[in-house]
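**Q** My structure is below; once you've seen it, I'll send some questions.
There are 2 protein chains.
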Amino acid sequence: MTENEQDIETRPGPRNGSGQDPEHSPAPAEEGVENEESYSLDRRTVAAILFSVDAGNREQLVELLEPLHAADIADVLEQVNAYDRRRLIDLYGKEFDGEILSELDESIREEVISLLTPDVLKDAVREMDSDDVVDLVEYLEEPQQEAILDALEDSDRVAVQQALTFPEESAGRLMQREVVAVPELWTVGQAIDFMRERDDLPDQFYHVILVDPRMKPIGHVTLGRLMASPRRLALSEITEPSFRTIPAMQDEGDVAYAFNQYHLISAPVVDEDDRLVGVITIDDAMIVLDEEHEEDILRLAGVGEGSLNDRFTETIKQRLPWLAVNLGTAILASMVIAMFEGTISRFVALAVLMPIVASMGGNAGTQSLTVAVRAIATRDLTGSNVWRVIRREALVGLTNGAAFAVVMGIIGLIWFGDWRLGAVIAAAMVINMLVAGLAGTMVPVVLDRLKVDPALASGTFVTTVTDVVGFFAFLGLAGLVLI
Amino acid sequence: MTENEQDIETRPGPRNGSGQDPEHSPAPAEEGVENEESYSLDRRTVAAILFSVDAGNREQLVELLEPLHAADIADVLEQVNAYDRRRLIDLYGKEFDGEILSELDESIREEVISLLTPDVLKDAVREMDSDDVVDLVEYLEEPQQEAILDALEDSDRVAVQQALTFPEESAGRLMQREVVAVPELWTVGQAIDFMRERDDLPDQFYHVILVDPRMKPIGHVTLGRLMASPRRLALSEITEPSFRTIPAMQDEGDVAYAFNQYHLISAPVVDEDDRLVGVITIDDAMIVLDEEHEEDILRLAGVGEGSLNDRFTETIKQRLPWLAVNLGTAILASMVIAMFEGTISRFVALAVLMPIVASMGGNAGTQSLTVAVRAIATRDLTGSNVWRVIRREALVGLTNGAAFAVVMGIIGLIWFGDWRLGAVIAAAMVINMLVAGLAGTMVPVVLDRLKVDPALASGTFVTTVTDVVGFFAFLGLAGLVLI
Chain A
1 MTENEQDIET
11 RPGPRNGSGQ
21 DPEHSPAPAE
31 EGVENEESYS
41 LDRRTVAAIL
51 FSVDAGNREQ
61 LVELLEPLHA
71 ADIADVLEQV
81 NAYDRRRLID
91 LYGKEFDGEI
101 LSELDESIRE
111 EVISLLTPDV
121 LKDAVREMDS
131 DDVVDLVEYL
141 EEPQQEAILD
151 ALEDSDRVAV
161 QQALTFPEES
171 AGRLMQREVV
181 AVPELWTVGQ
191 AIDFMRERDD
201 LPDQFYHVIL
211 VDPRMKPIGH
221 VTLGRLMASP
231 RRLALSEITE
241 PSFRTIPAMQ
251 DEGDVAYAFN
261 QYHLISAPVV
271 DEDDRLVGVI
281 TIDDAMIVLD
291 EEHEEDILRL
301 AGVGEGSLND
311 RFTETIKQRL
321 PWLAVNLGTA
331 ILASMVIAMF
341 EGTISRFVAL
351 AVLMPIVASM
361 GGNAGTQSLT
371 VAVRAIATRD
381 LTGSNVWRVI
391 RREALVGLTN
401 GAAFAVVMGI
411 IGLIWFGDWR
421 LGAVIAAAMV
431 INMLVAGLAG
441 TMVPVVLDRL
451 KVDPALASGT
461 FVTTVTDVVG
471 FFAFLGLAGL
481 VLI
Chain B
1 MTENEQDIET
11 RPGPRNGSGQ
21 DPEHSPAPAE
31 EGVENEESYS
41 LDRRTVAAIL
51 FSVDAGNREQ
61 LVELLEPLHA
71 ADIADVLEQV
81 NAYDRRRLID
91 LYGKEFDGEI
101 LSELDESIRE
111 EVISLLTPDV
121 LKDAVREMDS
131 DDVVDLVEYL
141 EEPQQEAILD
151 ALEDSDRVAV
161 QQALTFPEES
171 AGRLMQREVV
181 AVPELWTVGQ
191 AIDFMRERDD
201 LPDQFYHVIL
211 VDPRMKPIGH
221 VTLGRLMASP
231 RRLALSEITE
241 PSFRTIPAMQ
251 DEGDVAYAFN
261 QYHLISAPVV
271 DEDDRLVGVI
281 TIDDAMIVLD
291 EEHEEDILRL
301 AGVGEGSLND
311 RFTETIKQRL
321 PWLAVNLGTA
331 ILASMVIAMF
341 EGTISRFVAL
351 AVLMPIVASM
361 GGNAGTQSLT
371 VAVRAIATRD
381 LTGSNVWRVI
391 RREALVGLTN
401 GAAFAVVMGI
411 IGLIWFGDWR
421 LGAVIAAAMV
431 INMLVAGLAG
441 TMVPVVLDRL
451 KVDPALASGT
461 FVTTVTDVVG
471 FFAFLGLAGL
481 VLI
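Heads up: the sequence lines are chains A and B, in that order.
So that you can map any letter, position 292 of the first sequence is 292 in UniProt numbering, and since no number is skipped, the others follow by simple counting.
So that you can map any letter, position 320 of the second sequence is 320 in UniProt numbering, and since no number is skipped, the others follow by simple counting.
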C-alpha cells in the first residue's frame, strides 16, 4: 500500500498475443523474481491493483484481476483494508466471480457478501457447484443465508437445503451429490459407453463406483484403469484395493484422517442403510486436513479460531478468555510463592532463581504435550502403547532434569557462592522436569478420554502444574535446607 | 500389551465366506465399537496380533494382518516395542510387503529394514513404484541405501538414482516419472485410442497432459472430461483452467502450497528448459502438507523433528538443545531480577507478583506469534499488509494489557493493601503486553526475511523479550515508586 506510487509498468501482466487463452496461462505471480515465493501474490501486483482502485480505473482493475486465480483474488481482498475492499468490490462490479466467495476467509465473507449488489450476488452463486454453496452458506447469519438460497435456482436450492440437514462438519456436508455409479456386474465397455452417453457427468470425478441392486457401493474403478483395460473385462476384476466407504454422519476430521492414512483419492459416502448418497474427493479432504491443523496450532497457542483478518473486537474476544485463564493460573502460582515470603525475605537469591525452575519445567512440559497432542491426532498414541509412552516421557524428563540439575547446581554455586542453594535448585529441577514429562503426556491423554480436545486445554493445565510444582519444590526445599 | 490374555475371540476378524475378496473389504478396525475412532487400529486387534506373536503362531498372524492396510500394519509396528517388533517381523517373514516400508515412520524404518532378510527385502522393494523407493531410500544410511538399490531391477535402479540427483525435498524427488502426454493438436478420439493401445499406463493418473513438439506442457485434460466429450473435439478445447506447471527444483513445501491454494489434482513437473519430466499428484502433495504442518507444530514447541517412535537417546538429543537455549534466556531474565535484589528484599510482595507480569506477556506474545507464523506460512502476511498487521497486534496487546492492568491493579491493592503496588503492576502489565504484541509479530516477520524458519526460533526470542521487559518494567517501576 505504501508503494502505490511505484512504477506499475514493471509488474508482470497477462501475456497477451501469445495466442493462448489467458485463463489457461499461469498467474503473473508465478513469474515473480523470488523463486520461493512463486505462488504468493507479489507485492507489486497488489500495489498495482490498489493503484487502479485509487484511480477508479475499472478497465485496468479488470485487466489486473483477470489472470489471477479466484484464490489469489480472495487473498487480495483479505490483505487490503476494509475501505479499499469496499472500493475494489464496487469498482469490480459484476465481474465478481462466485468462486472468490468460496476462497475467502470466513472472517470477511459476510462483509464481502454484504457489499455485493443483489444482482452480482445472484450471478455469483448461480455459477457455483452446490457443495461450494453449502460451504459458503453454512456459517452465515440467517438473513444472508436466505438471500443466497433465494438467488439459487430451485433444484440447486433443494440440494443445498438437503445438505444442510446433515450435522455441521460431517461427511454429509462435505460430499458432492453428483456421483458416477454403475451396476457391479457391468463390463469395462458398458461403463465407458454409459459415460460417453451421459451428458451430465460431474466436472471432477476420478472413479466409477460399482453398486449392488440396493445402491450399496461395493468397489470402485479408477478412470485410468478403465481406459487401460479391455472392453470385455468385468469391472469387478479391476477394482481398487484401497476402497473404503464413509458414513454420511462421520466427522470431517475423521474423513480427512482416512484420506491421509489410506491415500484415498475419492470415496463414496453412504447413509445409515449403506446406500450411496454422494462422494468426497481428496481436494475437499485436503482442505479439511489443513483446517484441522490450523485449529490445532492456534488452540495450542491459546488463540481460539484467530486469523489476521478478524475484526479488532473479534480478536480481543478470542484472546481475552485465554489470557484470563492464564491470569488465574499465574495467580495460583503466585499464591504458592506467597506461602514462602518469609524464606524469600531472608534469601533474596531465591527470588532471582525461582523463575528458572518454573520456566524449564514449562518448556519441558510443552515439548511432551505437543508430541502427545500430535500423536493423539495421528492415532499414534493409543490404548495399546499409552503406558509405555508415559514411562518414556517421564524418563526423558528425568534425564533432561538431571542434566540441567548439574548445570544449574554449578551456576547456583558460582553465582551465589552457596553449595546448598546449588543443591536445592538442582533437586527442584529434577523434580519439576520429571513432573513436566508426566503431566505433558497424561493431561492430553486424559482430556482426550474425556472427549475434550487436548489441543485446546492441555497447555494451561500443564504449565499450571509445572509452575506450581516448580515454585513449591524450589522454595519448599530451600525452606528446609537453608533455614 | 498388558491385555495379551484378553479374550481374543471377540476381535473383529476378516469376514470370510462373504464371497468378497478380503483385500477389497474394509479393514476390521472400521467396524470398531467407537465410531469416532473408526480409522484407528483398535486395541483388541493389536492385542490379538501380539498374542499370535507370543504364541509363535504364524498362520494366525498372517490371517490377522491380511485384511489390514499397509498403513495400519506400519502403525502396529510403530506401536509395539522393539522386542515385539523383531519377533513380529521374523514370524511374518516373506509376507512382508514393500508398501509397509513406505508407510513406516522414518524413526524406525532403518531398524525394520535391518531386520528383514535380504530375500524378503528384495521382494519387498521390487514390488514398489520407483517414486516410493526414492522416498524410502533418500534418508537411509549409505550401506542400507545400496542394499536396496542393489535389490532393484536395472531400469528401476536407474530411475531411482536419477531422482536422487534432484535436491532433497524438491519437486523432482516428489514426482513420479511415468506420465501420460499427447501432442497438443490431438483430438479426444486420438487420445482415447492412444491410451487404450498403451499397455504401460501408470497405476494412478488423472489428467492427459498436452505437450508441444518440444515436450513443453501447455495444458491438461481430466479423464472425466475426456470420457464425456465427443471423439472429434480437439483436446485443446477442453483443457482445465487451473493448469499449472511445477519446476523440478522447487521446494516441496511450495508445491504443497500450490496444490492447496489452487485445488490442483495433478500437475506436470518441468526442467529448466520447461520440458516435461514428471508429474506430481495431490496425494503426494497432501503428505507433504501434513509433514510441513507437523514440523511447524513441533518447531513452535521447541521439539525438532520428534515423534513417539524415536529412540530414547534420539529424543534427548532433540529436546536438550531447546531446553539449553531456554535455560540461557531464563538466566538472562534472572539477571534482570538480580539487578533489583535490593528492592525485592524490602518489598517481598514484588517477588510474589513478578511472575504474573512475565507470564501474561509470554502468553500474549505466543498468541501473536502463532497467528503471525501461520499467516506467513499461508502467505496471508506479506509485504503488502505487514505494517497494518503490526499496528493491529500492538493495539490488541495494548487493549488486553489495559483490561488486565485494571484487574491486576485491583488484585494488587486488595492482596497487599498498597495502591502504589497496584499501580506499578498495572503499568508494567500494559507495557509488557504492548511489547508482546509488537515482538510477537515483528520477530517472525524479521526471521522470515532473514530466511530463518519463523516457527523454529520465534518462540524463544519472544518469550525472552517478554520476560526481560516484564521483570524490568515491574521491578524498575517498583523501585521508582515504592522507594
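Glycine residues also receive a C-beta, built at the ideal position from the N, C-alpha and C atoms.
Fair warning: this is a prediction, and the values are worked out from it, not measured in the lab.
Would Q204/A count as contacting chain B if we go by Cβ distances under 8 angstroms?
**A** Answer yes: the Cβ-Cβ gap between Q204/A and chain B drops below 8 angstroms somewhere.
**Q** Work out the CA separation of L50/B and T378/B for me, nearest whole Å.
**A** Roughly 43 angstroms separates the two Cα atoms.
**Q** Taking only runs of the alpha helix (DSSP H) that begin and end inside the region 35-101 of chain A, which ones reach a length of at least 4 residues, in chain order?
**A** Correct list: 43-55, 58-65, 70-79 and 82-92.
**Q** Expressed to the nearest angstrom, what Euclidean distance is found between the alpha-carbon atoms of D105/B and H207/A?
**A** Using only the alpha carbons, I get a separation of about 30 angstroms.
**Q** Assuming T441/A and S384/A form a contact by the criterion Cβ under 8 angstroms, report the distance between their Cβ atoms to the nearest whole angstrom.
**A** Wrong, their Cβ atoms sit about 15 angstroms apart, outside the cutoff.
**Q** List, in order along the chain, the chain A residues whose C-beta lies closer than 8 angstroms to that of I209/B?
**A** What I209/B touches in chain A: nothing, since even the nearest Cβ is about 13 angstroms away.
**Q** Among I316/A, G417/A, L64/A and M360/A, which residue has its Cα nearest to the Cα of D433/B?
**A** The amino acid at residue 433/B is misidentified as Asp; the sequence shows Met. Of the candidates I316/A, G417/A, L64/A and M360/A, the one whose C-alpha sits nearest the C-alpha of M433/B is I316/A.
**Q** Quick check: D53/B and L88/B, are their CB atoms within less than 8 angstroms of each other?
**A** Inspection of the sequence shows that residue 53/B is occupied by Val rather than by Asp. A contact, by the Cβ cut-off of 8 angstroms.
**Q** Decide if S359/B is buried, meaning its Cβ has at least 16 other Cβ atoms within 10 Å, or exposed.
**A** With 16 or more other Cβ atoms within 10 Å, it is buried.
**Q** From the DSSP output, in three-state form, read off I483/B for me.
**A** Reduced to three states, the DSSP call for I483/B is coil.
**Q** Near W419/A, what residues of its chain come up, given a Cβ to Cβ distance below 7 angstroms and the 5 sequence neighbours on each side ignored?
**A** L413.
**Q** Ignoring anything shorter than 4 residues, give me the alpha helix (DSSP H) runs that lie fully in the region 393-478 of chain B, in order along the chain.
**A** You should have 419-449.
**Q** Would you call W387/A buried or exposed, if buried means 16 or more other Cβ atoms sit within 10 Å of its Cβ?
**A** W387/A comes out exposed.
**Q** For P213/B, count the other beta carbons within 10 Å of its own beta carbon; 16 or more makes it buried, fewer makes it exposed. Which is it?
**A** Counting Cβ neighbours within 10 Å, P213/B comes out exposed, since fewer than 16 surround it.
**Q** Run the CB neighbour count on A55/B, radius 10 Å, all protein chains shown included, and call it buried at 16 or more, exposed below.
**A** Label assigned to A55/B: exposed.
**Q** Take the Cβ of E141/B as the centre, count every other Cβ of all protein chains shown within 10 Å, and call the residue buried at 16 or more, exposed below.
**A** Label assigned to E141/B: exposed.
**Q** Whose CA, out of N309/A, S229/A, V371/A and A473/A, lies closest to the CA of G189/A?
**A** Checking every option, the nearest Cα to that of G189/A belongs to S229/A.
**Q** How should N35/B be labelled, buried or exposed, when 16 other C-beta atoms within 10 angstroms of its C-beta is the threshold for buried?
**A** In this prediction, N35/B has a pLDDT of 41, which is less than 50 and means its spatial position is unreliable; nothing more can be read from the coordinates.
**Q** What is the residue span of the beta strand (DSSP E) that A181/B lies within?
**A** Segment A181 to P183, the beta strand (DSSP E) holding A181/B.
**Q** Using a beta-carbon distance below 8 angstroms, is T399/A in contact with chain B?
**A** So yes, T399/A belongs to the interface.
**Q** Quick one: list the residues of chain B neighbouring P355/A, beta-carbon separation under 9 angstroms, in chain order.
**A** In chain order: A330, A333, S334, I337, M354, P355, A358, D467 and F471.
**Q** Nearest chain B C-beta to S107/A closer than 8 angstroms, yes or no?
**A** Not one chain B Cβ lies under 8 angstroms of S107/A.
**Q** Name, going along the chain, the residues of the region 408-432 of chain A whose beta-carbon falls closer than 9 angstroms to a beta-carbon of chain B.
**A** Residues passing the 9 angstroms Cβ filter: M408, I411 and W415.
**Q** What three-state label does DSSP hand P14/A in the structure shown?
**A** Low local confidence applies: a pLDDT of 37 at P14/A is under 50, so the model's placement there is unreliable, and no value is given.
**Q** At a CB-CB cut-off below 7 angstroms, which residues of chain A make contact with Y262/B?
**A** Those are H69 and A71, listed as they occur along chain A.
**Q** Taking buried to mean at least 16 other C-beta atoms within 10 Å of its own C-beta, is A426/B buried or exposed?
**A** Buried.
**Q** Could you check where the alpha helix (DSSP H) with P143/B kicks off and where it finishes?
**A** Where P143/B is concerned, the enclosing alpha helix (DSSP H) stretches over E142 to A151.
**Q** Against R392/B, what residues of chain A qualify as contacts under a CB-to-CB distance less than 9 angstroms, listed in chain order?
**A** Chain A residues near R392/B: L308, F312 and T315.
**Q** If contacts are defined as beta-carbon pairs under 8 angstroms, then M286/A and I282/B qualify, I think. What distance do you get, rounded to the angstrom?
**A** Sure, about 7 angstroms apart at Cβ, within 8 angstroms.
**Q** Taking the DSSP output, what are the residues bridged to Q176/B?
**A** V279/B.
**Q** What does DSSP give as the partner residues of D251/B in its beta bridges?
**A** In DSSP, D251/B forms a bridge with S170/B.
**Q** For a quick check, are the C-beta atoms of E103/A and A82/A less than 8 angstroms apart?
**A** No, Cβ-Cβ distance for E103/A and A82/A is not below 8 angstroms.
**Q** Would you call the CB atoms of D72/B and L115/B closer than 8 angstroms?
**A** For D72/B and L115/B, no; Cβs fall outside 8 angstroms.
**Q** Please determine whether the Cβ atom of P355/A lies at a distance below 7 angstroms from any heavy atom of the ligand MN.
**A** Although the ligand MN was asked about, the structure shown includes no ligands whatsoever.
**Q** Quick check: what's the CA-CA separation for L174/B versus L185/B?
**A** About 29 angstroms.
**Q** Count the CB pairs spanning the region 285-302 of chain A and the region 250-260 of chain B that are closer than 8 angstroms, and state whether there are at least three.
**A** Result yes; three or more Cβ-Cβ pairs closer than 8 angstroms.
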